[in-house]
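S.K.:
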Amino acid sequence: NFRKIRGATPREIVDIALTETLRRTIHTSMTLLLVVLAMMFLGGDGLHWFSVAMFVGVFVGTYSSIYIGTAFALWRGLNRQDFIVQVKPEFEDEIP
164 NFRKIRGATP
174 REIVDIALTE
184 TLRRTIHTSM
194 TLLLVVLAMM
204 FLGGDGLHWF
214 SVAMFVGVFV
224 GTYSSIYIGT
234 AFALWRGLNR
244 QDFIVQVKPE
254 FEDEIP
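Position 86, counted from 1, in the sequence shown is what our numbering calls 249; the numbers after and before it change by one each time, with no gaps.
1) Work out the CA separation of Ile229 and Val215 for me, nearest whole Å.
2) Once you ignore the five residues that flank Leu241 on each side, which residues in its own chain have a CB closer than 6 Å to its CB?
3) Can you tell me the Cα-Cα spacing of Phe235 and Val223, whole angstroms?
4) What runs of the alpha helix (DSSP H), each 4 residues or longer, lie entirely inside the stretch 178-208?
5) Give the single residue among Val221, Trp238, Ile179, Met217 whose Cα lies nearest to the Cα of His190.
6) Counting C-beta neighbours from all protein chains within 10 Å, is the total for Val199 16 or more, i.e. buried, or is it exposed?
7) Helix, strand or coil, according to DSSP, for Gly232 in the structure here?
8) Run through DSSP, which three-state label would Gly240 get?
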């Protein structure tokens, strides 16, 4: 989004990116949680505690990727230059 939206601040760009991906993230997590819940209740004793751990992990992972990860990136000073790939000249490796 930094390339598409040139005049916006990093905070505005992160907000737009979150808005675009939030629905997809929630749908993916909910689909996975349905399967984990089915494993928890229908899988028997062997899968029950594994499913509980998976449920907590998916829930915490989804929350952290949406809210904690983006806040951390903004706190660290995310800017446009962080996404520019630095290209080395081809002859630089040949210099002794």
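Even for Gly, the Cβ is constructed at its ideal location relative to N, Cα and C.
Just so it is clear, the structure is predicted and the values come from calculations on it, not from any experiment.
M.R.: Taking the geometry as given:
1) The straight-line gap separating the alpha-carbon atoms of Val215 and Ile229 is approximately 22 Å.
2) Taken in chain order, the residues that qualify are Pro173.
3) Rounded to whole angstroms, Phe235 to Val223 spans 16 Å at the Cα level.
4) Taking only runs of at least 4 residues, no alpha helix (DSSP H) segment lies wholly in the stretch 178-208.
5) Comparing C-alpha distances from His190 to each of Val221, Trp238, Ile179, Met217 shows the shortest one belongs to Val221.
6) Under a 10 Å Cβ-count criterion, Val199 is classified as buried, with 16 or more other Cβ atoms of the shown protein chains found around its own Cβ.
7) Three-state result, Gly232: helix.
8) Under the three-state reduction of DSSP, Gly240 is assigned to coil, being neither helix nor strand.
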